[in-house]
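Reading through the structure tokens given below for one structure.
In UniProt numbering, the protein residues as written are 1 to 83.
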């Protein structure tokens, strides 16, 4: 799941206005928000630039969090085993 809709709502911008700003269609933005379509790298970069953030922050936030949690769990297990 991506954070595009969350970011758009946070900045109080419509899907139409975002689409115009990043040179795509409103329906494309909506489909990306619903995870029915993936943004290509060029569009993902334009969207991230528009919100002044990273591609990862918008499109991979859940995966990055999951990886961080996995690393924290592995560290905890290693600390327990190595006592």
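Glycine is no exception: its CB is placed at the ideal position from the N, C-alpha and C atoms.
Since this is a predicted model, take the numbers as computed values, not measurements.
Under DSSP, the alpha helix (DSSP H) around residue i begins and ends at which residues?
{"i": "residue 28", "result": "26-33"}
{"i": "residue 17", "result": "15-21"}
In this structure, does DSSP put residue i in helix, strand or coil?
{"i": "residue 42", "result": "helix"}
{"i": "residue 3", "result": "coil"}
{"i": "residue 55", "result": "helix"}
{"i": "residue 8", "result": "helix"}
Pull up the CB-CB distance for residue i and residue j, whole angstroms please, since I reckon it's below 8 Å.
{"i": "residue 48", "j": "residue 29", "result": "Not really, about 14 Å apart at Cβ, beyond 8 Å."}
Residue j and residue i - do their beta-carbons sit closer together than 8 Å?
{"i": "residue 32", "j": "residue 52", "result": "no"}
{"i": "residue 24", "j": "residue 41", "result": "no"}
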